[in-house]
Structure formats: C-alpha cells, structure tokens
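J.:
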Amino acid sequence: MQEVETKQQKSVEAMPKPFVVRYNEGEPRKPRAPKDIKEKRLGIMGKAKEKIEEFFSSSEPKKESIKSLVHDLNDIEKESIIEGVDFSRAQLGDLWRDYQSGRPVDFETFQPYLEDYNILTGEIWADKLIPSDKISLAVGKTVRKILPDSRVVALCDDEHLPFSDYTEPNGRPAGVERLGVANVTKDKHGEIKIGWEEQEVKSAVYSPEAKNNFLVSAEAIMRKHEMIYPNDEPSKNYLLISESSKAADAEKLVALLAEQGFIRRQGEKIYFVNPAAENPLYREIELRRNNGHWRCEALDASSFLKPENLDITHLVVLPNYYKKQQDRVWEILRVLGIDSSHYHNIFYDEKMSPAEVARVIEEAFVAVAEMEEAA
0 MQEVETKQQK SVEAMPKPFV VRYNEGEPRK PRAPKDIKEK RLGIMGKAKE
50 KIEEFFSSSE PKKESIKSLV HDLNDIEKES IIEGVDFSRA QLGDLWRDYQ
100 SGRPVDFETF QPYLEDYNIL TGEIWADKLI PSDKISLAVG KTVRKILPDS
150 RVVALCDDEH LPFSDYTEPN GRPAGVERLG VANVTKDKHG EIKIGWEEQE
200 VKSAVYSPEA KNNFLVSAEA IMRKHEMIYP NDEPSKNYLL ISESSKAADA
250 EKLVALLAEQ GFIRRQGEKI YFVNPAAENP LYREIELRRN NGHWRCEALD
300 ASSFLKPENL DITHLVVLPN YYKKQQDRVW EILRVLGIDS SHYHNIFYDE
350 KMSPAEVARV IEEAFVAVAE MEEAA
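Position one of the sequence shown corresponds to residue 0 (numbering that gives the first Met the number 0), numbered consecutively onward.
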C-alpha cells in the first residue's frame with residue numbers, strides 16, 4: 000500500500016496544479032479529457048463482420064462494404080481527436096488507474112530510423128532531427144514527467160535502407176528491396192555514397208559498428224531530452240531494442256501462432272490468419288515477405304512474447320501514418336492474451352509542433368487524473 004501511495008504522490012507532484020491553459024485569445028480554459036469510444040468502435044466492427052463476409056466469399060466482392068466500415072470508423076474516431084491528437088485507441092482512464100494501482104507501465108514513442116541519420120557511423124544528428132523524432136522526444140519527456148515510474152521503451156530501426164521508391168505498409172518510405180549488400184563510402188567532399196554489390200543474400204545491412212553506435216546515440220539523445228534520467232538503470236527504467244535483433248523473436252512468434260492455427264505459409268511468405276479478427280479488415284496480415292524480410296508487425300508483436308508483458312500496461316504514441324500498422328499489431332497481440340484495457344495507442348499529426356502535441360497529451364492526462372480524483 001505504501002508503494003502505491005508513493006507512486007501517487009510522485010505523479011501528483013510531477014503534474015502542474017492547478018493546470019489552466021491560456022490560449023492565444025487570452026481566455027483561460029480547463030483541459031479536457033478525450034472521449035472513450037472503445038465500445039463504439041467495437042460495435043461498428045461487429046456490425047460490419049456480416050457485410051465483410053460478403054467481401055471475402057462473393058465472386059464479385061462488394062467493395063462498398065469495406066468503404067462503409069472505413070468511413071464509419073473514421074467518423075466515430077473524430078470524437079476522440081483533440082486539436083490534432085487522436086486518442087481513439089487509448090483509454091486514459093484505464094491507463095491512469097493501472098498506474099495508480101502500482102501496475103507496471105511501459106511507454107513507447109521514440110522510434111528512430113538509422114536511414115534518417117548518419118548511416119555510415121550510426122550517429123543521430125541532434126541538430127537535424129526529423130519532425131516525428133522531435134515530437135516523440137517532447138512527448139517522451141512529458142509522459143515521463145507525468146508517469147515517472149514508467150519504463151521507457153525505444154524500438155530503434157537499423158534495418159531499412161535510405162531509398163524511397165517504395166513505401167512500407169505503415170506509410171513510411173523505406174529501403175529498396177534488392178538482393179545485395181550496401182556498400183557505403185564517402186567521396187572526396189565527405190558526401191555519403193551508397194553502391195550495391197550484387198550477392199546471393201537475403202537483404203542489405205548496415206555495418207555492426209553503425210548499428211551499435213546507433214543505439215548509443217539514441218540513448219544519448221533520450222537522456223538529453225529527459226526521457227531517461229541520470230540515475231535510471233537499463234532494463235529497469237528504460238529499454239532500447241534494435242529491430243535487427245528481433246528476427247529470432249519473430250521466428251518464435253510464428254512458431255507460437257502456428258501452434259494455435261493462426262499461420263499460413265506461401266513459399267517464403269508467412270501470413271497471420273484469424274477469421275475471428277476484431278477488425279474484419281485484418282483477417283490476414285503478412286508477417287514475412289518472399290525475400291525473408293520480416294514486416295514491422297511481426298517484429299513489434301514479437302516484443303510481447305515474454306509472459307510478464309501480460310502484467311504490464313502499454314502506451315504507444317506514434318505519428319498518424321502508423322495507425323493501420325498498429326491496428327494489425329493489435330490483432331496479433333489479442334491472440335497472445337494482451338487485454339485491450341492494458342494496451343493504448345495515441346496518434347498525432349507530425350505537421351504539428353512538438354510543444355503542441357506534448358501540451359495536448361499532458362492536458363488529457365491532467366483532465367483524466369482530475370476526473371478520477373473527483374470520482
């Protein structure tokens with residue numbers, strides 16, 4: 000009991016009281032809590048399943064059924080968008096109660112890609128952060144202030160290469176799919192050049208040194224932006240994960256899902272298949288491509304294989320273009336036993352300023368905390 004009280008005291012002290020924001024027009028206004036639309040979303044998807052069944056069984060698929068579902072979901076989700084920040088997949092009341100009860104909370108927002116920075120050395124340029132990384136660091140600092148005993152998790156992408164002639168399913172431009180090895184050099188002017196040595200290999204890779212330095216640089220940036228505190232301990236208070244290290248876990252994930260009858264193979268391709276998916280649009284999800292490259296959905300979901308994840312509440316804050324990818328990840332997590340009341344997504348428009356996104360999220364937490372206190 001004393002431990003819970005201590006956590007509550009820390010949280011209350013970390014949050015500004017009283018919290019009244021003055022907008023541009025100079026009028027004071029109390030922060031508002033996001034609307035919880037979880038049941039509405041589930042209801043819409045439930046009603047849509049019969050119509051979607053027609054889409055999968057008919058020789059002339061009725062695309063209007065799909066469009067209707069997407070339209071209805073988008074329409075209802077607007078109710079949980081506050082100033083450009085989407086809380087439609089987050090139940091902050093549940094999250095806040097979990098935290099106050101002493102349940103462990105992991106939160107993830109900073110997901111740097113090596114392709115965005117110095118691919119030769121692995122250094123993240125602190126003065127040339129991409130917009131989504133600037134926002135995620137500001138959000139990370141805010142969430143850590145509100146939930147000081149939570150653990151920070153960062154999935155660092157050291158897989159995708161810096162080309163943009165195709166797009167990942169999450170909407171983010173990613174590396175070209177070629178059979179070869181990246182030959183990274185500098186010219187006489189110090190400019191980075193990327194050539195290709197055609198070889199019989201599965202995919203291109205960065206150097207081990209660049210990958211290691213990438214993690215070191217990510218930690219340094221997170222410390223600078225106060226996502227990681229001076230006395231924090233690795234694994235206990237923060238966890239940095241390289242995406243390239245997740246391949247073995249992805250294999251374990253597939254093996255576990257196969258035992259439950261959720262896997263279909265097509266050559267080298269691997270699919271997660273669940274006719275009873277919560278969202279009928281995601282009955283089939285590709286986990287691995289023909290060239291052996293794992294999809295982000297498989298790599299992300301594989302992080303939840305450890306049994307202790309069932310006893311942790313998870314908060315993931317990402318740009319809007321990750322919505323579909325995170326919805327697919329959720330379909331996998333459902334069958335792994337993760338409860339929706341312990342898994343939350345917040346999405347933002349990366350055209351917003353870091354301060355704006357952080358402010359809206361902080362206000363939402365404050366409003367929810369005040370509601371819980373009043374109850």
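Even glycine gets a Cβ: it sits at the ideal position worked out from N, Cα and C. What you are looking at is a predicted structure, and each value in this text was computed from that prediction instead of being measured.
Three-state secondary structure (DSSP) at T108?
T.: Mapped onto the sequence shown, residue 108 falls at position 109. Note: T108 maps to coil in three-state DSSP.
J.: Is L256 helix, strand or coil when you go by DSSP?
T.: As a first step, residue 256 must be located in the sequence shown, where it is residue number 257. In this structure, L256 counts as helix in the three-state DSSP scheme.
J.: Here's the rule: buried if 16 or more other CB atoms are within 10 angstroms of the residue's CB, otherwise exposed. What is D310?
T.: Numbered from its first residue, the sequence shown carries residue 310 at position 311. Counting Cβ neighbours within 10 Å, D310 comes out exposed, since fewer than 16 surround it.
J.: Any idea which residues DSSP pairs L146 with across the strands?
T.: Locating residue 146 in the sequence shown gives position 147, where the first residue counts as 1. Per DSSP, none; premise fails for L146.
J.: Roughly how many angstroms separate the alpha carbons of K245 and E362, rounded to a whole number?
T.: Mapped onto the sequence shown, residue 245 falls at position 246. Mapped onto the sequence shown, residue 362 falls at position 363. So the two alpha carbons sit approximately 35 Å from each other.
J.: Considering only residues of the same chain and omitting the five flanking positions on each side of K140, which have a CB-CB separation below 8 Å?
T.: Start at 1 with the first residue of the sequence shown, and residue 140 comes out as number 141. These residues qualify, in order along the chain: H224, E225, M226, A357.
J.: Would V138 and Y347 qualify as a contact pair, given that the criterion is a beta-carbon distance under 9 Å?
T.: Looking up residue 138 in the sequence shown gives position 139. Looking up residue 347 in the sequence shown gives position 348. Cβ distance < 9 Å, so V138 and Y347 count as in contact.
J.: Work out the CA separation of Y321 and D248 for me, nearest whole Å.
T.: The residue given as residue 248 occupies position 249 in the sequence shown. The residue given as residue 321 occupies position 322 in the sequence shown. Taking the straight line from one Cα to the other gives about 22 Å.
J.: For my contact list, F209 and I337 are in at a C-beta cut-off of 8 Å; report their separation, rounded to the angstrom.
T.: The residue you call residue 209 lines up with position 210 of the sequence shown. The residue you call residue 337 lines up with position 338 of the sequence shown. Sequence inspection shows Ala at residue 209; the Phe mentioned does not correspond to that position. Not confirmed; about 33 Å, so no contact.
J.: Report, in whole angstroms, the separation of the C-beta atoms of Y205 and D126, which I expect to be a contact under 8 Å.
T.: By one-based count along the sequence shown, residue 205 stands at place 206. By one-based count along the sequence shown, residue 126 stands at place 127. About 22 Å separates the two Cβ atoms, so there is no contact after all.
J.: Which full runs of the beta strand (DSSP E) of 3+ residues lie inside the segment 245 to 295, going along the chain?
T.: If we require 3 residues or more, the beta strand (DSSP E) runs fully inside the segment 245 to 295 come out as 262 to 265, 268 to 272, 283 to 287.
J.: Around the Cβ of H159, are there at least 16 other Cβ atoms within 10 angstroms (buried) or fewer (exposed)?
T.: Start at 1 with the first residue of the sequence shown, and residue 159 comes out as number 160. Buried, by the Cβ-count rule.
J.: Run the CB neighbour count on N290, radius 10 Å, all protein chains shown included, and call it buried at 16 or more, exposed below.
T.: Reading the sequence shown from its first residue, position 291 is the one you call residue 290. When all chains shown are included, N290 counts as exposed.
J.: Got a sec? Which residues, its chain only, sit under 7 Å from S241 by beta carbon, not counting five neighbours each side?
T.: Stepping through the sequence shown from its first residue, residue 241 is reached at position 242. Contacts found: C155, D157, K210, L214.
J.: Since A366 and I331 are thought to touch, with beta carbons under 8 Å apart, how far apart are those beta carbons, to the nearest angstrom?
T.: For the purposes of this step, residue 366 is taken as the residue at position 367 of the sequence shown. For the purposes of this step, residue 331 is taken as the residue at position 332 of the sequence shown. Going by Cβ atoms, the distance from A366 to I331 rounds to 32 Å, so no, they are not a contact pair.
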